[in-house]
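Reviewing the structure listed below.
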Amino acid sequence: MFPDDFILLRNRLKYALTGREVNAITAQRLIKIDGKVRTDPTYPTGFQDVISIEKSGEHFRILYDVKGRFIVHRITAEEATYKLLKVKKVQLGARGVPHIVTHDGRTIRYPDPTIKVNDTVRFDIESQKILDFVTFDTGATVMVTGGRNMGRSGVITGKERHLGGFDIVHIRDVLGRDFSTRLGNVFVIGSEGKPMISMPRGGGVKLTITEERDQRRRQKEARGQ
């Protein structure tokens, strides 16, 4: 479940302590989501949404961590100018006008004719135009957005078609660990191991319990020095 403005400002960003303070902040038109001012504190955010607080010059992107929890990932002003959109449908509309429908409900007319379902487009928030796109194929860099591997990232190594069932995508992370998930859970974020967005801490790599313990121990020792 993704956060609304209330949860973002109070629980995640710590800009407010109470609901009254959240209402005061949003009423001042200080919060933008995907370039549009949002004054409703219950307005929901979603995966890849860009949150901007212009008064403080801060920008964030909504992503997942490897435990499947949403995170508010800090990004640069340059990166805040665009978001990634997964293509859900490619259709012909009224009068034969081609358009695509993306994971956040957008309809974009006259896309590149080579864009297909499951590809990802890089979308300029201000101009509302497609900057470029990445094809869903072997070698693409992806993030998993559902299932038990939610939040993990890696490169597609193969795909399996299952007639009458779910297509399966095989992925390998930077540590060489292989895992798989349903096609519907895969979101392309780049190509050739290079994501088009900055990644949260850990880079989408899921550690074992032992590795997490050792990592915490090293961090504790480093702080002690």
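Note that the numbering used here has the sequence shown beginning at 21, numbered continuously upward. Glycine included, every Cβ here is placed at the ideal spot set by N, Cα and C.
Going by Cα to Cα distance, which pick from the options is closest to residue i?
i, options, result
"residue 160", "64, 148, 192", "192"
"residue 52", "146, 91, 87, 108", "146"
"residue 96", "157, 76, 43", "76"
"residue 120", "102, 153, 94", "153"
"residue 93", "107, 158, 68", "68"
"residue 220", "169, 29, 86, 44", "86"
"residue 135", "106, 98, 158", "106"
"residue 98", "144, 179, 148", "144"
"residue 162", "215, 29, 180, 101", "215"
"residue 148", "122, 133, 157, 155", "122"
Kindly give me the distance between the Cβ atoms of residue i and residue j, rounded to whole angstroms, as I take these residues to be in contact under 8 Å.
i, j, result
"residue 84", "residue 165", "7 Å"
"residue 73", "residue 50", "6 Å"
"residue 65", "residue 124", "Not a contact, Cβ separation roughly 10 Å."
"residue 129", "residue 117", "6 Å"
"residue 103", "residue 70", "5 Å"
"residue 202", "residue 188", "7 Å"
Buried or exposed, going by whether 16 or more other CB atoms sit within 10 Å of the CB of residue i?
i, result
"residue 89", "exposed"
"residue 31", "exposed"
"residue 21", "Confidence in residue 21 is poor, its pLDDT being 47 and thus under 50, which makes the residue's placement too unreliable to answer from."
"residue 109", "exposed"
"residue 60", "exposed"
"residue 186", "exposed"
"residue 247", "Because residue 247 is not part of the residues shown, which for the chain are 21 to 245, the question remains open."
"residue 151", "exposed"
"residue 79", "buried"
"residue 58", "buried"
Which ranges would you report for the beta strand (DSSP E) in the region 79 to 112 if only whole runs of at least 3 residues count?
DSSP runs (the beta strand (DSSP E)) wholly in the region 79 to 112: 90 to 95, 102 to 112.
Segment contact, 8 Å Cβ cut-off, at least three pairs: the region 182 to 202 with the region 222 to 233
yes
Between the region 172 to 190 and the region 198 to 211, do three or more beta carbon pairs fall short of 8 Å?
yes
Please determine if the region 207 to 221 and the region 140 to 150 are in contact, where contact requires at least 3 C-beta pairs separated by less than 8 Å.
yes
Would you list, in sequence order, the uninterrupted beta strand (DSSP E) runs of no fewer than 3 residues that lie entirely inside the region 166 to 209?
173 to 180, 188 to 192, 198 to 202
Every unbroken beta strand (DSSP E) inside the region 108 to 140 [3 residues or more]
Taking 3 residues as the minimum length, the beta strand (DSSP E) runs contained wholly in the region 108 to 140 are 118 to 122, 127 to 129, in order along the chain.
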